[in-house]
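Chemist: Before we start, here is the structure in question, set down as structure tokens.
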Amino acid sequence: MKKIVLLFLFLGSLLPSCFATVLKPYLEIPSPNGIYINWKSDVEKNFTIHYGKNVANMDFSKTADSKIWSDNGYDQNYIYSSVQLTGLEANTTYYYQISNDSGYLSPVYNFRTYPEAGGSAHNGITRFLILGDNQLKDEPRYDSLVVKAKRFIEHKYGAPIQDVISSTISVGDQVDVGTLDHYENVLFKKTGYISPYIGMSTIIGNHETYGTLKLNAYYNHFHYDSVMYKVKSNTENYYAYQAGKLLVINLNTEAGSTENTAQTAWLQQVISEADKDPSIQWIVSAGHRPYQAEQYVGDISTWYRNTAYPILIQSPKMFLAIGAHHHLYARGQDKNAPVYNIISGGTAWDQYWGMSTEQDFDDVQKTITRWAYQIVEINDNTNTAKVTSYSVGYTTRINDWGNLDKFVWEESTPIDSFYVSRGLEIPQTPSITNTPTGDVELPYSFISSPYATNSEQPYNSTEFQVASSTSFSSVGIDLIRDYEDWYGKGTDVWETVDANKNIDIFSFTPQAKSLTNGTWYVRVRHRDRALNWSKWSDPVSFVVINGSTGTPSLKLNKNAFQPNEKIAVDYQNGPGNTTDWVGLYKKGQTPGGGTPSTRWAYVSSSSLKAGTLNFTLSSSGEYYAAFLENDGYHEIAPRVYFYVGRVPLVSMAKSEFKLTDKVDITVKSAPANATDWLGIYKIAQEPKDVTATAYKYITADSATYSFANLPKGYYFARYFLNNGYTNIGDDVFFSVGDTIATISTNQAEYDLGDLISVTFADGPGNAKDWLGIYHEGDNPNVDPLLNYTYVGGKSKGTASFSADNQPRTPGKYYVVFFTNDSYNAISNKSYLV
């Protein structure tokens, strides 16, 4: 036996190339005329790629560019090779094979280039594959999704995947940490079933920013800075590309305020160019953090939702906003524009009902706790863009790592299908069929006429509105409902129920006290499943006699305006006098005969009790809106304060500081009033209630302010006006020191199954801050996680591990606090036995 072992070792030393590993190629997104082909090896190098349009005659060749990198577990044996092929023909199949001077020869692979701008891949049809979060190395999740997607596509369409799918749209978190180990074993190996055949695009997720190499691993592996549609981004963090009639805009939802300023300006240019380009008919955006989420509420990209998305839907070509980050599938649509939003969450960490803060939103039609992928089909023949989502399975035992019996696999079960089809006739205008003949006591049901259309499209949604005037300028009730609303736990936490299953969305019943006494108007409209709205019905008036008396109020949609920008002031529950009025005053003034308002207007003659008045102000300063009665100066509602002028941009070059560092905060475009100030507070503090940890007065319209000797903690910096607490501009968030948070357990020793309760304090308060349990001695950035629980976005409190979410064998463990879905430990370790 010893001789056999020695012979094996001897042969191995003579033939190292026999046992060397060369991974399958990874294609980046193609263009009509070129593509990048990459692959990783551990010994082999000096590669040449041979390619051509005929498998028997690959008569072109190109030498690969190889780089050698090191990281934990890799000592100069991570060899990454790339070749950029150029001068290719559009919409053409190319065969390729990789060889080297040591005798290595890969299998022959093939891919297809993109069609020309404005063209299609297959007789007027071009398809794309959406893939969500990957992350997990040691469980067969993402690789199963990829295999099942490939098998289904090839069976459904009767052709190899490269002849069906033009490329993938991957939405970030393709690794759990930015290490060479994860790029090899989590990204390249798990996508290797399709990556030699179709181009892959991805973007930055939060997990790409962690690990030993952080984003450097992302930058080293890809060439996205060479990708461009019309306007070059000059970065790999965000980019756009065209495929036939489709424009894909990949955005960075992990960026800070400075980068977002540049990204926003670039996005506006891209949309402007796309609107002028007749070869672009459809636009898709992709960003890791989603537009909306019904689990872990608030864990979205507010920059995307509030800044990028409004720019995108300026274009009538926009139809789909793709997000990920949450490990499930969700889909909704814009209230007005024919634009969908989805979460394609891949197969990463378990996420089910009851694990987080949850809310049923109007702009989400379904949240389904399944691992899914999507196929996008652009059909030039019917002027339709269609998306179908397929489930590959789920798990029934959360955090039970290594137990393969927990998986319930599905063979690409359809769970959703939606589309935008242009040029269709809109639904017919509905009506309210039961007009009240006398006074109305609430609750009262208003009935819409049945849905009707000439387009053969089924209905999707209804919207009822109630207002105090026929202009509907100020809406008292706005109720939009879809024919289905998949939200909330079913029989098990991995099942979702249809909350609208037994609801008639063509009937609307305002409840008692939901409206004030007086005259109201109701109207309705219908939407089809191609996202076309009907016109509004004629309004129907009714008089409520058992409603609430109501409290007069004013409302503005924001608290800061540019000079001469429209200021819309909503008034509600007024007395109803024709001479009731709204006045704009400077802060510190008191309405009266000797103190005239800066601007004023009577309430609308057609909407005395509730409505909207529009104003503009040219002079900068702090103001308030006042609601006054009957040509007098008696204020009948609380004042609403606002600011007119330049809004400062507060930014930081970095967000993490050592205790010995100075914290530099830059303020640009500031109003710079004599007593404006920049305050620093700990997370979860309310500035009016506590003394600032530190502050400085603003000295110029653009300047940098340094703060030294800040105590350990998580902070935000905020710009305040005129020695007060009126704040304008966005806050910036940062931390000082490490192991900032503290945790403790309710006991040191537990029997298996005991409730493990953990008290935590001084956390950052992110939606996905979490507690994890590890074996004693394990490193969270290297060793596998055993159990975890999120803390609900709180900076302090108590969280627990129940019997089905804790170690299953006796031993020594520790629990530690992590921030924002990362492996950045922010607390002491609390040990368990």
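For the sequence shown, counting from 1, position 697 maps to 871 in our numbering; every step adds exactly one.
Yeah, the Cβ is synthetic: ideal placement off N, Cα and C, and Gly gets one too.
If you run the structure through DSSP and keep just helix, strand and coil, what is A858?
Modeler: Coil.
Chemist: Report yes if the C-beta distance between L494 and I517 is below 8 Å; otherwise report no.
Modeler: For L494 and I517, no; Cβs fall outside 8 Å.
Chemist: Near D804, which residues of its chain fall below 8 Å by C-beta distance, leaving aside the five closest residues on each side in sequence?
Modeler: Here residue 804 turns out to be Asn, not Asp, going by the sequence shown. For N804, where only same-chain residues beyond five positions count, the Cβ hits under 8 Å are P749, N751, T753, D754.
Chemist: Tell me the rounded alpha-carbon separation between S1004 and H949.
Modeler: When rounded, the distance between both Cα atoms is 12 Å.
Chemist: Three or more beta-carbon pairs under 8 Å between the region 505-520 and the region 283-292, yes or no?
Modeler: No, the region 505-520 is not in contact with the region 283-292.
Chemist: Does N994 come out as helix, strand or coil in the three-state DSSP assignment?
Modeler: Here N994 sits in coil by DSSP.
Chemist: CB-CB under 6 Å to Y526, same chain, minus the five flanking residues each way: which ones, in chain order?
Modeler: Cβ within range, chain order: T543, V667, W668.
Chemist: Which stretch, first to last residue, makes up the beta strand (DSSP E) that contains S273?
Modeler: Here the beta strand (DSSP E) through S273 covers 267-274.
Chemist: So, under 8 Å CB-CB, Y964 and M529 are touching, yes? Tell me the CB distance rounded to an integer number of Å.
Modeler: Right, their Cβ atoms sit about 7 Å apart.
Chemist: Got a sec? Which residues, its chain only, sit under 6 Å from K778 by beta carbon, not counting five neighbours each side?
Modeler: Strictly speaking, residue 778 in this sequence is Ser, with Lys absent from that position. For S778, where only same-chain residues beyond five positions count, the Cβ hits under 6 Å are G785.
Chemist: Look up V989 in the DSSP assignment and say whether it is helix, strand or coil.
Modeler: Three-state DSSP puts V989 in a strand.
Chemist: For H462 and N380, which I take to be in contact (beta-carbon distance under 8 Å), what is that distance rounded to the nearest angstrom?
Modeler: The Cβ separation is near 7 Å, so the contact holds.
Chemist: Where I253 and Y278 are concerned, what is the direct C-alpha to C-alpha distance, given to the nearest angstrom?
Modeler: When rounded, the distance between both Cα atoms is 15 Å.
Chemist: With 16 as the cutoff for other CB atoms within 10 Å, does N573 come out buried or exposed?
Modeler: N573 comes out buried.
Chemist: CB-CB under 7 Å to L833, same chain, minus the five flanking residues each way: which ones, in chain order?
Modeler: These residues qualify, in order along the chain: K886, V910, G911.
Chemist: Let me make sure I understand the geometry here. Which of Q980, P938, T900 has the alpha-carbon closest to that of I930?
Modeler: Nearest of Q980, P938, T900 to I930, Cα basis: Q980.
Chemist: Out of V818, Q763, Y633, state which residue places its alpha-carbon closest to the alpha-carbon of F789.
Modeler: Of the candidates V818, Q763, Y633, the one whose C-alpha sits nearest the C-alpha of F789 is V818.
Chemist: In angstroms with no decimal places, state the Cα-to-Cα distance between G795 and W851.
Modeler: About 15 Å.
Chemist: Can you confirm whether the region 330-343 touches the region 230-250 when touching is taken to mean that 3 or more C-beta pairs between the two stretches lie within less than 8 Å?
Modeler: As far as the Cβ criterion goes, the region 230-250 does not touch the region 330-343, which means the pair count is below three.
Chemist: Would you tell me roughly how many angstroms separate the C-alpha atoms of S974 and Y384, rounded to the nearest one?
Modeler: About 26 Å.
Chemist: Mind checking N555: buried by the 16 CB within 10 Å criterion, or exposed?
Modeler: Looking at its Cβ environment, which holds fewer than 16 other Cβ atoms inside 10 Å, N555 is exposed.
Chemist: Taking DSSP's pairing of strands, which residues face M529 in a bridge?
Modeler: Per DSSP, none; premise fails for M529.
Chemist: If you drop the 5 nearest sequence neighbours on each side, which residues of the same chain put their C-beta closer than 6 Å to that of K729?
Modeler: The answer, listed in chain order, is D744.
Chemist: Tell me whether the beta-carbon of S792 lies closer than 8 Å to the beta-carbon of P737.
Modeler: Yes, the Cβ-Cβ distance between S792 and P737 is below 8 Å.
Chemist: Compute the minimum distance between the beta carbon of V837 and the heavy atoms of the ligand NAD, and state whether it is under 7 Å.
Modeler: Ligands displayed in this structure: none; no statement on the ligand NAD is therefore possible.
Chemist: Between which two residues does the beta strand (DSSP E) containing Q507 stretch?
Modeler: Q507 -> beta strand (DSSP E) spans 503-507.
Chemist: Looking at the structure shown, is P484 part of a helix, part of a strand, or coil, going by DSSP?
Modeler: Helix, per DSSP.
Chemist: Between the beta-carbon of I872 and the beta-carbon of A891, is there less than 8 Å?
Modeler: Going by C-beta atoms, I872 is not nearer than 8 Å to A891.
Chemist: In chain order, which continuous runs of the beta strand (DSSP E) of length 3 or greater are located wholly inside the region 681-735?
Modeler: You should have 692-702, 714-718, 727-729.
Chemist: Mapping DSSP to helix, strand and coil, what is S446?
Modeler: Three-state DSSP puts S446 in a helix.
Chemist: Taking a contact to mean a Cβ-Cβ separation below 8 Å, would you say R813 touches Y798 in this structure?
Modeler: Yes, these two residues count as a Cβ contact at 8 Å.
Chemist: Can you pull the DSSP bridge partners for I574?
Modeler: Note that residue 574 corresponds to Asp in the displayed sequence, not to Ile. None; D574 has no bridge partner.
Chemist: Between V550 and the rest of its own chain, which residues show a CB-CB distance below 6 Å, the 5 nearest in sequence each way excluded?
Modeler: So the qualifying residues of the chain are F302, V561.
Chemist: Just tell me which of A460, D936, A546 has its CA closest to the CA of I343.
Modeler: Out of A460, D936, A546, A460 has the C-alpha closest to the C-alpha of I343.
Chemist: So, for S273: in the same chain, excluding its five sequence neighbours on each side, which residues have a beta-carbon less than 6 Å away from its beta-carbon?
Modeler: Excluding positions up to five away in sequence, the list reads T222, L279.
Chemist: Going straight from the alpha carbon of F991 to that of I378, what length do you get?
Modeler: Their Cα atoms are separated by approximately 24 Å.
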